[in-house]
Amino acid sequence: SQQGEEDPQALSIQEGENATMNCSYKTSINNLQWYRQNSGRGLVHLILIRSNEREKHSGRLRVTLDTSKKSSSLLITASRAADTASYFCATDEYKLSFGAGTTVTVRA
Amino acid sequence: KAGVTQTPRYLIKTRGQQVTLSCSPISGHRSVSWYQQTPGQGLQFLFEYFSETQRNKGNFPGRFSGRQFSNSRSEMNVSTLELGDSALYLCASSRDPNQPQHFGDGTRLSIL
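Heads up: the sequence lines are chains E and B, in that order.
According to the working numbering, the first sequence is numbered sequentially starting from 1.
According to the working numbering, the second sequence is numbered sequentially starting from 1001.
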């Protein structure tokens, strides 16, 4: 069953703009992970945030976690064409449960 | 360092046949998981192996099976293929189940 649900389903932005996507989940978690998938490829791990963390940064990525609302957000700053991909949140370490993903298109 | 390697990349089968997909994890990784990705159902967990033992299994029928060898390489088998089995099958590995997973590029299986 899908634990994480991303919102919006699709996002189109201009190069240089920021992209924000959200993830909601249903049950208690130990950590939440974000992955990126380029068309026709496997998933690439972006960042992991633990349940006792509220915010985490990695390069142009910023992830927040609100366990009281069971939600997380991923912010990509100063987007580039190479950021065009689908982004998934995943919960649970042993059997990752993914949402349907947010498809991000960065226009040049 | 080589990434996760899945073979074959593409496969076409007909209904009723069986298929075996292979996954070679990153060197040193002992945990291997398999996922099915379809446009309708998204990414769904199939099973996870660690040190040759199946630790978790998703909600798939018994036609889906897998195994892991002593060198951590893993195979999954699907018997009596159905049209709905058409999907991208992804394998992921990690040092242990607590670490983030590294994915291969998948095997795209098409059932005619």
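Beta carbons: idealized from backbone N, C-alpha and C, even for Gly.
Close partners of Ser24 (chain E) in chain B (Cβ separation under 8 Å) are lacking, with about 15 Å as the shortest Cβ gap. One thing to note: Ser1031 (chain B) has its Cβ no nearer than 8 Å to the Cβ of Phe1045 (chain B). Distance from the Cα of Phe1064 (chain B) is smallest, within the candidate group B:Ser1051, B:Asp1085, B:Gln1101 and B:Gly1104, for B:Asp1085.
Between Ser86 (chain E) and Thr64 (chain E), the gap from beta carbon to beta carbon reaches 8 Å or more.
When rounded, the separation of the alpha-carbon atoms in Glu1052 (chain B) and Gln1068 (chain B) is 5 Å. Looking at the DSSP output, Leu48 (chain E) sits in a beta bridge with E:Gln33. For Gln33 (chain E), the nearest beta carbon of chain B is closer than 8 Å to its own beta carbon. Annotation for Glu15 (chain E): Ser79, Arg80, Ala81, Val106, Arg107 and Ala108 place their beta carbon closer than 8 Å to its own, counting only its chain and skipping 5 residues before and after.
The beta carbon of His1029 (chain B) sits no closer than 8 Å to any beta carbon of chain E. Judged by DSSP in its simplified three-state form, Asp66 (chain E) adopts strand. Counting only residues of its own chain and dropping the five nearest sequence neighbours on each side, Ser1072 (chain B) has a CB closer than 6 Å to the CB of Pro1025 and Arg1030.
Residues of chain E with a Cβ closer than 8 Å to the Cβ of Pro1100 (chain B) are, in chain order, Gln33, His45 and Leu48.
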